[in-house]
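Enquirer: Here the sequence shown is numbered in the working numbering, starting from 18 and rising by one per residue. Heads up, the beta-carbon is just placed ideally off N, CA and C, and yes, glycines get one too.
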Amino acid sequence: LPGSVFLGFVAIFPFFAIKAGVNDQFAQFYGGTSLLIMVGVVLDTLQQVEQYLIMRHYDGLMKTGRIKGRSSVGGAITG
Numbered sequence: 018l019p020g021s022v023f024l025g026f027v028a029i030f031p032f033f034a035i036k037a038g039v040n041d042q043f044a045q046f047y048g049g050t051s052l053l054i055m056v057g058v059v060l061d062t063l064q065q066v067e068q069y070l071i072m073r074h075y076d077g078l079m080k081t082g083r084i085k086g087r088s089s090v091g092g093a094i095t096g
């Protein structure tokens with residue numbers, strides 16, 4: 018549903034921009050394909066930053082050998 022709403026917004030954005038008095042060439046440039054490409058690049062960049070932060074967290078976990086905040090006191094879990 019969010020994807021379809023976004024595509025609908027991209028489709029009608031140039032129309033409303035032109036009605037608001039924005040230059041026709043500017044409205045057409047930021048409507049349609051170029052807007053989809055810009056959003057795709059931003060989402061990909063955010064995903065890469067998130068993956069980097071997750072890997073950094075796991076690298077810290079691998080160096081210490083245990084999860085921060087847990088102690089070995091209290092017995093082992095058997096199962």
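To the nearest whole angstrom, what separates the beta carbons of A44 and A28, a pair I think is in contact under 8 angstroms?
Expert: Actually they do not touch by this definition, with Cβ atoms about 13 angstroms apart.
Enquirer: If we require 4 or more residues per run, which alpha helix (DSSP H) segments fall completely within the stretch 27 to 62?
Expert: Within the stretch 27 to 62, the complete alpha helix (DSSP H) runs of at least 4 residues are 41 to 46.
Enquirer: Using the Cα positions of K36 and Y75, report the straight-line distance between them to the nearest angstrom.
Expert: Distance between the alpha carbons of K36 and Y75: 51 angstroms.
Enquirer: Quick one: what does DSSP say L70 is sitting in, helix, strand or coil?
Expert: Residue state, collapsed to three classes: helix.
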